[in-house]
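Report on one structure; see the data block that follows.
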Amino acid sequence: GGRGGRGSGGGIQVGEHTGFLRMRGLPFSSTKKDILQFFKEYNPVETSITFTYRSDGRATGEGYAGFASADDAKDAMALHKKSMGSRYIELFISSKEEHARSMARSNGR
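When the letters of the sequence shown are read in order and numbered with this note's numbering, they come out as residues 2 to 110.
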(Lines of atoms letter the chains of each structure in order from A and count residues from 1; the text may use other names and numbers.)
(Lines give C-alpha, C1' and ligand atoms only; values in the text may rest on other atoms or scores of the structure.)
Protein backbone atom coordinates (compact mmCIF):
# COMPACT_ATOMS: atom_id res chain seq x y z
CA GLY A 1 0.00 0.00 0.00
CA GLY A 2 1.40 3.33 -1.08
CA ARG A 3 1.51 5.97 1.62
CA GLY A 4 0.77 9.67 1.38
CA GLY A 5 -2.74 9.28 0.03
CA ARG A 6 -3.59 12.83 1.00
CA GLY A 7 -3.75 13.67 -2.70
CA SER A 8 -6.08 16.06 -4.43
CA GLY A 9 -9.47 17.38 -3.52
CA GLY A 10 -8.66 19.62 -0.59
CA GLY A 11 -10.13 17.32 2.03
CA ILE A 12 -9.20 14.28 4.02
CA GLN A 13 -11.07 11.01 3.90
CA VAL A 14 -8.82 8.88 6.05
CA GLY A 15 -7.91 9.89 9.56
CA GLU A 16 -9.30 10.27 13.02
CA HIS A 17 -13.03 10.83 13.15
CA THR A 18 -14.43 13.25 15.70
CA GLY A 19 -18.07 12.92 14.72
CA PHE A 20 -18.19 15.67 12.07
CA LEU A 21 -18.21 15.47 8.29
CA ARG A 22 -17.88 18.15 5.64
CA MET A 23 -20.15 17.78 2.62
CA ARG A 24 -19.43 19.15 -0.83
CA GLY A 25 -21.61 19.24 -3.93
CA LEU A 26 -24.89 19.85 -2.13
CA PRO A 27 -27.86 21.05 -4.17
CA PHE A 28 -28.24 24.77 -3.44
CA SER A 29 -31.83 24.13 -2.46
CA SER A 30 -30.97 21.51 0.14
CA THR A 31 -32.32 21.86 3.66
CA LYS A 32 -31.51 20.33 7.03
CA LYS A 33 -34.30 17.84 6.39
CA ASP A 34 -32.58 16.72 3.19
CA ILE A 35 -29.35 16.18 5.10
CA LEU A 36 -31.13 14.25 7.86
CA GLN A 37 -32.77 12.08 5.23
CA PHE A 38 -29.46 11.50 3.44
CA PHE A 39 -27.71 10.37 6.61
CA LYS A 40 -30.77 8.83 8.27
CA GLU A 41 -29.14 5.48 9.05
CA TYR A 42 -26.14 7.10 10.74
CA ASN A 43 -27.59 9.14 13.62
CA PRO A 44 -27.07 12.68 12.30
CA VAL A 45 -27.65 15.47 14.83
CA GLU A 46 -30.12 17.97 13.39
CA THR A 47 -28.85 20.95 15.38
CA SER A 48 -25.32 20.36 14.09
CA ILE A 49 -26.19 20.63 10.40
CA THR A 50 -24.91 23.85 8.89
CA PHE A 51 -24.39 25.21 5.38
CA THR A 52 -21.67 27.57 4.24
CA TYR A 53 -22.42 30.78 2.37
CA ARG A 54 -20.43 33.20 0.27
CA SER A 55 -20.01 36.77 1.43
CA ASP A 56 -22.91 37.71 -0.89
CA GLY A 57 -25.14 35.24 0.89
CA ARG A 58 -25.32 32.59 -1.79
CA ALA A 59 -24.93 28.94 -0.86
CA THR A 60 -21.56 27.37 -1.70
CA GLY A 61 -22.88 23.82 -1.94
CA GLU A 62 -20.83 22.91 1.11
CA GLY A 63 -21.96 22.13 4.60
CA TYR A 64 -21.18 20.28 7.78
CA ALA A 65 -22.99 17.62 9.76
CA GLY A 66 -22.38 16.22 13.20
CA PHE A 67 -23.22 12.71 14.30
CA ALA A 68 -24.09 11.04 17.59
CA SER A 69 -20.64 9.47 17.74
CA ALA A 70 -17.34 9.38 15.87
CA ASP A 71 -18.20 5.84 14.74
CA ASP A 72 -21.44 7.08 13.20
CA ALA A 73 -19.51 9.70 11.24
CA LYS A 74 -17.00 7.09 10.13
CA ASP A 75 -19.79 4.77 8.96
CA ALA A 76 -21.52 7.64 7.17
CA MET A 77 -18.48 7.95 4.88
CA ALA A 78 -20.06 4.99 3.08
CA LEU A 79 -22.30 7.61 1.44
CA HIS A 80 -19.35 9.35 -0.26
CA LYS A 81 -20.30 10.05 -3.91
CA LYS A 82 -23.92 9.01 -3.31
CA SER A 83 -26.62 11.17 -4.84
CA MET A 84 -28.87 13.73 -3.22
CA GLY A 85 -31.34 14.83 -5.82
CA SER A 86 -29.40 15.27 -9.05
CA ARG A 87 -26.05 15.93 -7.39
CA TYR A 88 -23.55 13.51 -5.93
CA ILE A 89 -22.19 14.43 -2.53
CA GLU A 90 -18.53 14.26 -1.58
CA LEU A 91 -17.77 13.63 2.08
CA PHE A 92 -14.67 14.60 4.01
CA ILE A 93 -13.59 14.22 7.61
CA SER A 94 -14.19 17.44 9.49
CA SER A 95 -13.29 18.54 12.99
CA LYS A 96 -15.08 20.12 15.90
CA GLU A 97 -13.09 23.33 15.32
CA GLU A 98 -13.95 23.52 11.63
CA HIS A 99 -17.59 22.80 12.41
CA ALA A 100 -17.68 25.46 15.15
CA ARG A 101 -16.26 28.08 12.76
CA SER A 102 -18.92 27.25 10.22
CA MET A 103 -21.66 27.43 12.84
CA ALA A 104 -20.42 30.84 13.94
CA ARG A 105 -20.40 32.14 10.35
CA SER A 106 -23.85 30.88 9.45
CA ASN A 107 -25.51 32.22 12.59
CA GLY A 108 -28.97 33.67 12.14
CA ARG A 109 -29.78 31.88 8.89
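Heads up, the beta-carbon is just placed ideally off N, CA and C, and yes, glycines get one too.
It should be emphasised that the depicted structure is a prediction, and the values quoted were computed from it without experimental measurement.
Leu-80 - DSSP class collapsed to helix/strand/coil: helix
CA-to-CA distance, Phe-29 to Asp-73, given in whole angstroms: 25 Å
Pair within 8 Å by beta-carbon distance, Ala-66 and Leu-22: yes
According to DSSP, residues forming a beta bridge with Thr-51: According to the DSSP secondary-structure assignment, Thr-51 is paired through a beta bridge with Tyr-65.
Three-state secondary structure assigned by DSSP to Glu-99: helix
Local conformation of Leu-37 per DSSP, three classes: helix
Collapsed DSSP secondary structure at Gly-5 in the structure displayed: Bear in mind that a pLDDT of 44 at Gly-5, under 50, signals an unreliable position, so the model cannot answer this.
Local Cβ density within 10 Å of Gly-6, reported as buried at 16 or more and exposed below that: Low confidence applies here, because Gly-6 scores a pLDDT of 43, under 50, leaving its location unreliable; read the following figure in that light. Exposed is the call here.
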